[in-house]
Amino acid sequence: MTDPKPQGKRFSHVYLDRGKPDNDSATMRRRLAALIPSLPDLKDFGAELPRELGVDVPSSQWGYYWTDFFRDCDLTVVLETMTIAWRFLKRKESTGLYDIRAPDTLIAETARIFREENVSYRIDALGGVHLSVDAEFEANRQATIATLTGSRYANVLDSIEKAHSRLTEIPPNGKDSIRAVFDSAEGLFKLMFPKETRLTASAARRQLLPVVQRIYGGDPSALTSASKMVASFSEWVDGVHPYRHEHGSEEVAQPPLELAVNLLSLGITNVRWLAELDAKSVTTSKRG
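Residue numbering for the sequence shown follows the working numbering, beginning at 36 and increasing consecutively.
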């Protein structure tokens, strides 16, 4: 019989439940610290960071102490160091690299460390580090962007892009991301219903139920489903409420990453649906 388990993988990567990706990892930091001095062309790289990031790497006459540096610095500095390292290697290409594969090796090894240590980051071909968001989320975002064409939706689209950029900050800013996608939904809702001053759950039910009844009234199954979607949208409006308003606390309460991703994903889906309803309403009005 053929063994269904992946061949040549580490035991922990095959048999242990690794859970959801983390934002940070001591082991990731230690492995990145070991990666830098393993590339001969980065021997003098430590002198670059004060100029680029404004941080010093502990050093002595024997060299740089990368383990101490990666252990103690902020997470943002850890991740941006990999980007600066790639740029450093690319500049060295003009004067000659000891190992011409060094830039590609840095990217490949950093990607492997991120993957094996189960952290929520990816590195692109130019050394940029990004929050790793699943493919379904990205497809949903792109489909919504394609729906929001024309000057009517310019501000709505801007808020969608802001929501995505906030989520992909390092560390992720889930709270601002949720606020931005709500702004997108509220802006579109007020375009559809100019007399509404803000988006609330009750306003969503009051205004959208007649719309879906008008559009889908001839199809009982579609009307039932669309009415449930209105209810779901209203629940989402209430669900994001705690992250749209402070409660007298100076400390910003960030939502768990998985919750932020799901609330943002639902919000983007809702915006796309509102835009589709808006388009259908305009078409129906013209026919009338």
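Cβ coordinates follow ideal geometry from the N, Cα and C atoms, glycine included.
Can you have a look at residue 306 and say buried or exposed, based on whether 16 or more other CB atoms are within 10 angstroms of its CB?
With 16 or more other Cβ atoms within 10 Å, it is buried.
May I ask you to report which of helix, strand or coil DSSP gives residue 133?
In this structure, residue 133 counts as coil in the three-state DSSP scheme.
May I ask which residues mark the beginning and end of the alpha helix (DSSP H) holding residue 233?
DSSP places residue 233 in no alpha helix (DSSP H); its state is neither H nor E.
Cα-Cα separation, residue 203 to residue 147
Taking the straight line from one Cα to the other gives about 20 Å.
Sorted by chain position, which residues of the same chain lie with C-beta nearer than 8 Å to residue 247's C-beta, five sequence neighbours on each side aside?
Result list for residue 247: 258, 261, 262, 264, 265 and 312, in chain order.
Suppose contacts are defined by Cβ-Cβ distances below 7 Å. Is residue 143 in contact with residue 124 by that definition?
If you check the CB distance, residue 143 and residue 124 do not come in under 7 Å.
Spell out a yes or no on whether the segment 87–97 and the segment 72–79 are touching, meaning 3 or more CB-CB pairs, one atom from each, closer than 8 Å.
No: fewer than three Cβ pairs fall under 8 Å.
How close, in whole Å, do the beta carbons of residue 278 and residue 290 come, if the pair is a contact with beta carbons under 8 Å?
At roughly 6 Å, the Cβ-Cβ gap stays under 8 Å, so residue 278 and residue 290 are in contact.
Range covered by the beta strand (DSSP E) that runs through residue 164
If you look at residue 164, you'll find it in the beta strand (DSSP E) that goes 164–166.
Per-residue DSSP class, three states only, for residue 205:
Reduced to three states, the DSSP call for residue 205 is coil.
Tell me the residue span of the beta strand (DSSP E) that contains residue 157.
Unbroken beta strand (DSSP E) run through residue 157: 156–158.
With 16 other CB atoms within 10 Å as the buried threshold, where does residue 254 fall?
So residue 254 ends up on the exposed side.
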